[in-house]
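The sequence shown begins at 104 in my numbering and counts up by one. The beta-carbon is built from N, C-alpha and C at its ideal position, and this holds for glycine as well. The structure presented is a predicted model; accordingly, all values stated were derived computationally and were not measured. Here's the structure we're looking at; comments come further down.
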Amino acid sequence: MKHMLPPFPYYHASLEPHIDARTMALHHDQHHASYVANLNSALEQFPELQERTALWLLLNLSKVPEKIRTAVHNNAGGHVNHSLFWRAMSPGTRDGPAGRLADAIKRDFGGLEQFQARFDDAGGKLFGSGWVWLARAQQDGGRLQVCTTSGHDNPLMQGHYPILVNDVWEHAYYLKHQNRRGDYLKGWWPVVNWEEAARRFERSDRSAEQDPEAESLLEPVIG
Ligand SMILES: [Fe+2]
Numbered sequence: 104m105k106h107m108l109p110p111f112p113y114y115h116a117s118l119e120p121h122i123d124a125r126t127m128a129l130h131h132d133q134h135h136a137s138y139v140a141n142l143n144s145a146l147e148q149f150p151e152l153q154e155r156t157a158l159w160l161l162l163n164l165s166k167v168p169e170k171i172r173t174a175v176h177n178n179a180g181g182h183v184n185h186s187l188f189w190r191a192m193s194p195g196t197r198d199g200p201a202g203r204l205a206d207a208i209k210r211d212f213g214g215l216e217q218f219q220a221r222f223d224d225a226g227g228k229l230f231g232s233g234w235v236w237l238a239r240a241q242q243d244g245g246r247l248q249v250c251t252t253s254g255h256d257n258p259l260m261q262g263h264y265p266i267l268v269n270d271v272w273e274h275a276y277y278l279k280h281q282n283r284r285g286d287y288l289k290g291w292w293p294v295v296n297w298e299e300a301a302r303r304f305e306r307s308d309r310s311a312e313q314d315p316e317a318e319s320l321l322e323p324v325i326g
């Protein structure tokens, strides 16, 4: 099995004016594509790992030969996280979170504005390249939390189920915002796909091990 770049779920220009088309095209067609190509390249000499999903590889790095472990870590992570990121956004204005997710945000943060402020603050403070997440602890009573990961790490590596994610690598915003990551973070909310976040919240009741669909949900890749 070759890992494949998932098709873009909307047009590159669909998130204008919040995210410009050129950034989206470069981000998906060049950056994400390079992670997929580099992952396939790293696995070329290891046919026993070629049937594994990118998520499995990321969560089982100790089973990956040391020779390719760093390459698999970085590129499987980049593939998984970007696959989640495209689906975390959607064209068109949307209402905020609804249902159980809205209730949980209110319970754990005090309200939507407080959650967004916490998310923007964490994303702004992350040093270097990484991701900011709304995740649900699979222990600690299933509470929501904002967390960040460096490089292309994923909260599932720490047992936290990802609900919503924003990419704070410079390649996600530099063309439009240059070094102003805070402007990018604040301007991102109108394109958030809250329906997807709510769907992920419903699935987070189960751990990845208990949920046979978890991998396919994280990695909507055919092939
Ligand atoms: Fe990215």
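Cβ-heavy atom distance between Asp270 and ligand 1 below 7 angstroms?
Translated into positions along the sequence shown, residue 270 becomes position 167. Checking every heavy atom of ligand 1 against the Cβ of Asp270, one is found closer than 7 angstroms.
Sequence-distant residues of its chain with Cβ nearer than 6 angstroms to Ala179 (five each side left out):
The count along the sequence shown starts at 1 and reaches residue 179 at position 76. Same-chain partners within the cutoff: Leu142, Ala157, Leu160 and Leu161.
Which residue comes first and which comes last in the alpha helix (DSSP H) that contains Ala157?
The sequence position of residue 157 within the sequence shown is 54, counting from 1. Counting along the chain, the alpha helix (DSSP H) containing Ala157 begins and ends at Ala157 to Leu162.
In whole angstroms, what is the alpha-carbon distance linking Lys170 and His176?
Counting from one through the sequence shown, the residue named residue 170 turns up at place 67. Counting from one through the sequence shown, the residue named residue 176 turns up at place 73. Roughly 11 angstroms between the two C-alpha positions.
Through-space distance from Leu204 to Asn282, alpha-carbon basis:
As a first step, residue 282 is located in the sequence shown; it is residue number 179 there, counting from the start. As a first step, residue 204 is located in the sequence shown; it is residue number 101 there, counting from the start. Cα-Cα distance, rounded: 32 angstroms.
Which runs of the alpha helix (DSSP H) spanning at least 4 residues fall entirely within the segment 276-312, listed in chain order?
277-280, 284-291 and 297-306
Can you tell me whether DSSP reads His255 as helix, strand or coil?
Mapped onto the sequence shown, residue 255 falls at position 152. Coil at His255, not helix or strand.
List the residues that DSSP assigns as beta-bridge partners of Val268.
In the sequence shown, the residue the question calls residue 268 occupies position 165. DSSP, once it has assigned bridges, lists Trp236 as partnering Val268.
Determine the contact status of Tyr113 and Ser193, defining contact as a CB-CB distance below 8 angstroms.
On the sequence shown, position 10 is the one that residue 113 refers to. On the sequence shown, position 90 is the one that residue 193 refers to. Taking 8 angstroms as the Cβ cut-off, Tyr113 and Ser193 qualify as a contacting pair.
Between the alpha carbons of Leu108 and Asp211, how many angstroms are there, rounded?
Against the sequence shown, residue 108 aligns to sequence position 5. Against the sequence shown, residue 211 aligns to sequence position 108. Leu108 and Asp211: Cα-Cα distance of roughly 35 angstroms.
Proximity of Val249 and Ile122 at Cβ, strictly below 8 angstroms:
If you number the sequence shown from 1, residue 249 lands on position 146. If you number the sequence shown from 1, residue 122 lands on position 19. Cβ distance not < 8 angstroms, so Val249 and Ile122 don't count as in contact.
With a 10 Å radius around its C-beta and 16 neighbouring C-beta atoms as the bar for buried, classify Met127 as buried or exposed.
Stepping through the sequence shown from its first residue, residue 127 is reached at position 24. Per the 10 Å Cβ criterion, buried.
By the three-class DSSP mapping on this structure, what secondary structure does Gly245 have?
Looking up residue 245 in the sequence shown gives position 142. Three-state result, Gly245: helix.
State buried or exposed for Ala201, treating a residue as buried only when at least 16 other CB atoms are found within 10 Å of its CB.
Taking the sequence shown and counting its residues from 1, the one referred to as residue 201 is at position 98. Exposed, since its Cβ has fewer than 16 Cβ neighbours within 10 Å.
Cβ-based burial, Pro168 [other Cβ within 10 Å; buried from 16]
On the sequence shown, residue 168 is found 65 positions in, with the first residue counted as 1. So Pro168 ends up on the exposed side.
Which residues in the same chain have their Cβ closer than 7 angstroms to the Cβ of Pro120, if we skip the five residues on either side of it in sequence?
In the sequence shown, the residue the question calls residue 120 occupies position 17. Excluding sequence neighbours, Pro120 sits near nothing in its chain.
Relative to the alpha-carbon of Thr251, which residue among Leu146, Met104, Ser232 and Gln241 has its alpha-carbon at the smallest distance?
By 1-based counting over the sequence shown, the position of residue 251 is 148. Nearest of Leu146, Met104, Ser232 and Gln241 to Thr251, Cα basis: Ser232.
DSSP three-state label for Met127, please.
For the purposes of this step, residue 127 is taken as residue 24 along the sequence shown, with counting starting at 1. If DSSP states are grouped into helix, strand and coil, Met127 belongs with the helices.
Grouping DSSP H, G and I as helix and E and B as strand, with all else coil, what is Ser117?
Mapped onto the sequence shown, residue 117 falls at position 14. Helix at Ser117.
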